[in-house]
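According to our numbering, the sequence shown is numbered sequentially starting from 286. Heads up, the beta-carbon is just placed ideally off N, CA and C, and yes, glycines get one too. Here the structure is laid out as structure tokens; the discussion comes afterwards.
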Amino acid sequence: MPAAPPAVAQGSTDLSRLSLTDIQAFVTLLDTLHVSRAAIRLGMGQPQLSGRLARLRRLTGDLLFVRGPGGVVPTATALSLEAPAREMLTQAEHFLAPPDEFDPRKARGTLHLAAPDYLDPMLLPRLAGRLRTTAPALALSVHPLTDDLDYAQKLADGRLDLVIANWPDPPAQLHRLPLLEDELVVMMGSHHPLTRGDLTAQAYLQARHAAPTAMRPGLRSTVDAMLARLGHARHVALECPVFSLIPYVLTQTDLLLTTGRRFTEFFASSLPVSVRPLPIALPSLQYYLLWHPRARRDGPIRWLREQIAACVRSPLSSPDTYSNSRD
């Protein structure tokens, strides 16, 4: 690895210098964090992969990867480029796919989606409305993400079509599409004493908290794992298996809920709750879609991916609505 990144020409974006193979090499390095393993997966020699990495370094003006224990570690720039790189590969797949005769208005059958109930209040009403108006004969079965759900195997054998998740390290063999980045905030009942004035880190850590029930005993929640890495711990006084019930609990208790801003905005419009900035700097929640390579050109599944992405990414202030009018 060179000691410093090569200089890059400012103000120039020459796309002819970049190939999809370069992007694929970059994403594979992110998945494996190991040069030789990435080269094997790509079916190329290690010198060839190193050459592609060198070209990406020249184009970005950043090292992208540095040596680490047992492999390589991505730089902050590399991590910031991950989502657009994966999106580019997904769009290239769509571009290269053969013409698809899938017509949602004529489609029949059932599509299977596994998703966290964190997204259910925001996603399902919109998605159901879209299916009703654009694919009236197509059914959707939503599966909960539980500890005993072998989602990778179910995607492989077709019992699941898509999975929405935010795990740090999903299986590398699955295709992935970034969906949503959501800032962590704190929600509490509007009667809570901590609604008055700024919420401090000390007050936050000393308060009582509500959290989703762990998928298995001893497993930390995403927020608790983040706090532990910073040397912090909080008192979780209530674990609830249905995430969307917790906002209602907040209206009758002194509990705090740490969750994504979009989730809080959804409930703040109808419940007496208050939202405050999180006083401890934690990473945002990252949600993405997963599917098996076998389904990458499947018309109904590809169509459902597009509908989910549109529902999740559109502002909450402009929800899709169902209309029973006939054109």
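Under the DSSP assignment, Met511 falls in the alpha helix (DSSP H) whose first and last residues are 507-514.
With 16 or more other Cβ atoms inside 10 Å of its own Cβ, Val558 counts as buried. Taking a contact as a CB-CB distance under 8 Å, the pair Phe551 and Tyr403 does not count as one, their CB atoms being some 10 Å apart. Inclusion of Leu570 and Asn451 in the CB contact set at 8 Å is warranted, their separation being smaller than that value. The residue from Leu563, Leu408, Leu305, Thr536 with its alpha-carbon nearest to that of Leu484 is Leu563. Residue pairing from DSSP places Trp576 in a beta bridge opposite His460. Excluding the 5 residues flanking it on each side, Ile531 has same chain C-beta neighbours closer than 6 Å at Ala495, Cys525, Leu542, in chain order. Spanning the alpha carbons of Val471 and His520 requires a straight line of approximately 15 Å. For Ala580, the closest of Leu416, Asp446, Leu341 by C-alpha to C-alpha distance is Asp446. In chain order, Ala422 place their CB closer than 6 Å to the CB of Arg393, counting only its own chain and leaving out the 5 sequence neighbours on each side. Counting the other CB atoms within 10 Å of its CB gives His477 a total of 16 or more, which places it among the buried residues.
The residues His428, Leu430, Tyr436, Leu445, Val448, in chain order, have a CB closer than 6 Å to that of Ala399 in the same chain once the five nearest residues on each side in sequence are set aside. With 16 or more other Cβ atoms inside 10 Å of its own Cβ, Arg337 counts as buried.
Between the segment 306-314 and the segment 372-380 there are three or more C-beta pairs closer than 8 Å, enough to call the two in contact. Buried is the label assigned to Thr549, since at least 16 other Cβ atoms lie within 10 Å of its Cβ.
The three-state reading of DSSP puts Val527 in coil, since its state is none of H, G, I, E or B. Distances from the CA of Gly545 to each of Val560, Ala492, Leu434, Leu556 were compared; the closest alpha carbon is that of Val560. Sixteen is the threshold: since fewer than 16 other Cβ atoms of the shown chains lie within 10 Å of the Cβ of Arg390, the residue is exposed. Contact between Leu349 and Ala368 is ruled out by a C-beta separation of about 15 Å, above the 8 Å threshold.
If you compare the alpha carbons of Asp388, Gln458, Val312 with that of Asp583, the shortest gap goes to Asp388.
With fewer than 16 other Cβ atoms inside 10 Å of its own Cβ, Asp454 counts as exposed.
For Gly474, the number of other beta carbons within 10 angstroms of its own is at least 16, and it is reported as buried. Of the other Cβ atoms in all chains shown, 16 or more fall within 10 Å of the Cβ of His397; this residue is therefore buried. Here DSSP, grouped into helix, strand and coil, assigns Leu341 to helix.
Thr536 sits in coil when the DSSP states are folded into three classes, being neither helix nor strand. Only buried fits Pro585, as 16 or more other CB atoms lie within 10 angstroms of its CB. The Cβ atoms of Leu381 and Ile593 lie no closer than 8 Å to each other. With 16 or more neighbouring CB atoms inside 10 Å of its own CB, Thr313 falls in the buried class. Apart from the 5 residues on each side of it in sequence, Glu386 sits with its Cβ closer than 8 Å to the Cβ of Gly584 in its chain, given in chain order. Inclusion of Leu341 and Val320 in the CB contact set at 8 Å is not warranted, their separation being larger than that value. Secondary structure at Leu484: coil, using DSSP grouped into helix, strand and coil.
For Ser365, the closest C-alpha among the options Thr345, Val357, Gly356 is that of Thr345. Ranked by how close their Cα comes to the Cα of Asp432, the residues Arg326, Pro578, Gln487, Ala499 have Ala499 in first place. Excluding the 5 residues flanking it on each side, Ala488 has same chain C-beta neighbours closer than 7 Å at Leu479, in chain order. Counting C-beta atoms within 10 angstroms of its own C-beta, Leu465 has 16 or more neighbours from the protein chains shown and is therefore classed as buried.
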